[in-house]
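Participant:
In this note's numbering, the protein residues as written are 1149 to 1215.
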């Protein structure tokens, strides 16, 4: 015997889930876009401030003996 509890009709539940999926996808896209925008602005600022190609190829140095 199966007892069905009718909290929400299936069509309403499907609509709510579709809305939540859209919100999560939109939020993810906004986060990715914001990160790309921040990286591009940092790239421009660094490039315009230094005006040398070496600024983009610097690597951090690690002192010997430190792990």
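No residue lacks a Cβ here, since even glycine has one placed at the ideal position from N, Cα and C.
All values derive from a computational prediction rather than experimental measurement.
1. How would you write the range of the alpha helix (DSSP H) that residue 1172 sits in, first residue to last?
2. Quick check: what's the CA-CA separation for residue 1180 versus residue 1161?
3. Is the beta carbon of residue 1203 less than 8 angstroms from the beta carbon of residue 1194?
4. May I ask you to report which of helix, strand or coil DSSP gives residue 1208?
5. Distance cutoff 8 angstroms, beta carbons only. Does residue 1155 sit that close to anything in chain B?
Facilitator: The short version:
1. As a first step, residue 1172 must be located in the chain shown, where it is residue number 24. Run containing residue 1172: 1158 to 1198, per the alpha helix (DSSP H) assignment.
2. Taking the first residue of the chain shown as position 1, residue 1180 is located at position 32. Taking the first residue of the chain shown as position 1, residue 1161 is located at position 13. The alpha-carbon atoms of residue 1180 and residue 1161 are separated by roughly 29 angstroms.
3. The sequence position of residue 1203 within the chain shown is 55, counting from 1. The sequence position of residue 1194 within the chain shown is 46, counting from 1. Yes.
4. As a working note, residue 1208 is residue 60 in the chain shown. The answer is coil: DSSP assigns residue 1208 none of H, G, I, E or B.
5. Of the protein chains in this structure there is only one, and it is not chain B.
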